[in-house]
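Q: My structure is below; once you've seen it, I'll send some questions.
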Ligand code: 5GP
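Numbering (this note's numbering), first residue to last: 2 to 119.
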């Protein structure tokens with residue numbers, strides 16, 4: 002039996018999180034340790050450790066995750082300026098091995114993106 006990832010446990014409501022959006026393919030939550038005034042995580046329900054583990058069959062899901070990132074950016078009024086980050090692999094800073102897209106925006110802050118940690 003494989004152990005559920007942290008994000009699967011959040012999706013299954015075993016661990017609390019601010020849920021901002023959900024549909025049949027993914028969920029969007031606030032990051033617990035935000036690196037910018039807006040820091041959301043777009044997470045597929047189907048766990049995939051890294052982006053580089055995606056197969057051709059995952060292309061529609063990957064496109065959907067991108068669309069959702071834009072949609073939640075619109076819903077939070079940051080669609081004019083946001084960053085989308087995927088850390089792939091430990092050496093790239095990935096700490097949770099369940100694919101997720103970081104949506105980062107500096108709404109209401111003077112901080113520039115170059116000062117953000119991600
Ligand atoms: P990574 O470093 O893998 O690209 O990103 C993992 C992200 O998950 C980090 O930004 C981290 O703050 C966030 N994170 C880790 N544990 C939790 C948690 O329990 N709840 C939430 N909402 N975010 C988490």
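Just so you know, even glycine gets a beta-carbon here, dropped at the ideal spot from N, CA and C.
What distance in whole Å lies between the Cβ atoms of residue 62 and residue 26, which are believed to be in contact at a cut-off of 8 Å?
A: Going by Cβ atoms, the distance from residue 26 to residue 62 rounds to 6 Å, so yes, they are a contact pair.
Q: Any chance the CB of residue 20 is under 7 Å from a heavy atom of the ligand 5GP?
A: No, the Cβ of residue 20 stays beyond 7 Å of every heavy atom of the ligand 5GP.
Q: Between residue 20 and residue 33, which are expected to be in contact by the criterion C-beta below 8 Å, what is the C-beta distance as a whole number of angstroms?
A: That belief does not hold up - the Cβ atoms of residue 20 and residue 33 are roughly 13 Å apart, past 8 Å.
Q: Count the other CB atoms within 10 Å of the CB of residue 28; is the residue buried (16 or more) or exposed (fewer)?
A: So residue 28 ends up on the buried side.
Q: Once the 5 residues before and after residue 99 are set aside, which same chain residues still bring their CB inside 6 Å of it?
A: So the list reads 6, 8 and 48, once near-sequence residues are dropped.
Q: Considering just the uninterrupted stretch of the alpha helix (DSSP H) at residue 76, what are its terminal residues?
A: Taken as a continuous stretch (DSSP letters only), the alpha helix (DSSP H) holding residue 76 covers 60-76.
Q: Mapping the DSSP letters down to three states, classify residue 36 as helix, strand or coil.
A: It is coil, neither helix nor strand.
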